[in-house]
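J.:
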Amino acid sequence: MTSADKFGIAISIGFTVALIAVAMSFSATSMTPAPVVTTPPPPPMETPTMEEEPAMEEEPMVEEETPTMEEEPAMEEEPMVEEEEPEVAMSAEVSIPSGSSVPGCEETDECYVPNTVTIGVGGTVTWTNDDTAAHTVTSGTPSDGPDGAFDSSIVMAGKTFEHTFDDAGEYDYFCIVHPWMTGTVIVE
Ligand SMILES: [Cu+2]
13 MTSADKFGIA
23 ISIGFTVALI
33 AVAMSFSATS
43 MTPAPVVTTP
53 PPPPMETPTM
63 EEEPAMEEEP
73 MVEEETPTME
83 EEPAMEEEPM
93 VEEEEPEVAM
103 SAEVSIPSGS
113 SVPGCEETDE
123 CYVPNTVTIG
133 VGGTVTWTND
143 DTAAHTVTSG
153 TPSDGPDGAF
163 DSSIVMAGKT
173 FEHTFDDAGE
183 YDYFCIVHPW
193 MTGTVIVE
């Protein structure tokens, strides 16, 4: 009987120790989750850090604004293009080439070279007769005749004629002697 009691006590102790062990084990397990729960909070802290990174991305956007600033200088270059408008020549020279007294130069618009010139209001055009024949620089068209804007009358070989244009417009002219010879002066 005594042995049985001791054996029973031993079992009871052993069972108790086992319970304590389990309890501690459980306790330890419980303690473990706690730190795990503590760990998650840090991530949220990291999340704000991630938000700070987007803030860093905003800086690049600031850099993008810088390129925009560079585009503005480009806009300043456009005004320079506008400055080119005043660069419209205030004078031009036209040659009456050799051979223009014979039909054919009109096929390539080379009876007056260049065939069309553009100058600013108040500009002057000078024609030079580089041919051996006499020619005229007469405003108007071969079909409608002289319009009276200007007329050089006969220009001998090697001579020149010039006319100043005070009004904007497109002036057609031709040679009375050789009606296939035509040219244009644009004043703007
Ligand atoms: Cu002519």
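Per the working numbering, the sequence shown starts with residue 13, numbered consecutively.
Ideal Cβ positions, reconstructed from N, Cα and C, are used throughout, including at glycine.
These numbers come from a predicted model, not from an experiment.
1) Going along the chain, which residues of its own chain have a beta-carbon closer than 8 angstroms to the beta-carbon of P66, five neighbours each way excluded?
2) Pick out whichever of P158, V106, Y185 has its Cα sitting closest to the Cα of T140.
3) Is the stretch 114-123 in contact with the stretch 163-178, if contact means three or more CB pairs nearer than 8 angstroms?
4) Who are the near neighbours of M193 in its chain, counting only those whose CB is closer than 8 angstroms to its CB and skipping five residues on each side?
5) My assumption, with CB atoms under 8 angstroms, is that T136 sits in contact with H190. Please give the rounded CB distance.
6) For A104 and T138, what's the separation of their Cα atoms in angstroms?
7) Kindly indicate the opening and closing residues of the beta strand (DSSP E) around G195.
8) So, is T144 buried or exposed, given that buried needs 16 or more other C-beta atoms within 10 angstroms?
9) Residue range of the beta strand (DSSP E) that E174 falls in?
10) Just the C-alpha distance for T153 and V100, rounded to the nearest angstrom, thanks.
11) Applying the 10 Å Cβ sphere with the 16-neighbour rule, what's the burial state of A30?
12) Comparing C-alpha positions only, which one of G170, A180, D184 sits nearest to S110?
13) Hey, how far is the Cα of V114 from the Cα of G195?
14) Can you name, in chain order, every residue of its own chain whose Cβ lies under 6 angstroms from the Cβ of F173, other than the five neighbours on each side?
T.: According to the structure shown:
1) Sequence index remark: in the sequence shown, residue 66 carries index 54 (1-based). Confidence is the limiting factor: at P66 the pLDDT is only 47, short of 50, which leaves the residue's position unreliable and the question unanswerable from this model.
2) Taking the first residue of the sequence shown as position 1, residue 140 is located at position 128. Per the Cα distances, V106.
3) A contact between stretches requires three or more CB pairs, one per stretch, nearer than 8 angstroms, and the stretch 114-123 fails this requirement with the stretch 163-178.
4) Stepping through the sequence shown from its first residue, residue 193 is reached at position 181. The answer, listed in chain order, is I108, S112, C117, E118, C123, Y124, H147, F186, C187.
5) To locate residue 136, count along the sequence shown from 1; it is residue 124. To locate residue 190, count along the sequence shown from 1; it is residue 178. About 24 angstroms separates the two Cβ atoms, so there is no contact after all.
6) Against the sequence shown, residue 104 aligns to sequence position 92. Against the sequence shown, residue 138 aligns to sequence position 126. Rounded to the nearest whole angstrom, the C-alpha separation of A104 and T138 is 6 angstroms.
7) Locating residue 195 in the sequence shown gives position 183, counting from the first residue. From DSSP, the beta strand (DSSP E) with G195 extends over 194-199.
8) As a position in the sequence shown, residue 144 is number 132, starting the count at 1. So T144 counts as exposed.
9) Taking the sequence shown and counting its residues from 1, the one referred to as residue 174 is at position 162. E174 -> beta strand (DSSP E) spans 172-177.
10) Here residue 153 refers to the residue found at position 141 when the sequence shown is read from its first residue. Here residue 100 refers to the residue found at position 88 when the sequence shown is read from its first residue. Using only the alpha carbons, I get a separation of about 26 angstroms.
11) In the sequence shown, the residue the question calls residue 30 occupies position 18. Here A30 scores only 41 on pLDDT, less than 50, and its place in the model is too uncertain to base an answer on.
12) Residue 110 sits at position 98 when you count from the first residue of the sequence shown. For the residues G170, A180, D184, the minimum Cα distance to S110 belongs to G170.
13) Sequence index remark: in the sequence shown, residue 114 carries index 102 (1-based). Sequence index remark: in the sequence shown, residue 195 carries index 183 (1-based). Rounded to whole angstroms, V114 and G195 show a C-alpha spacing of 16 angstroms.
14) If you number the sequence shown from 1, residue 173 lands on position 161. Around F173: W139, V149, S164, V167.
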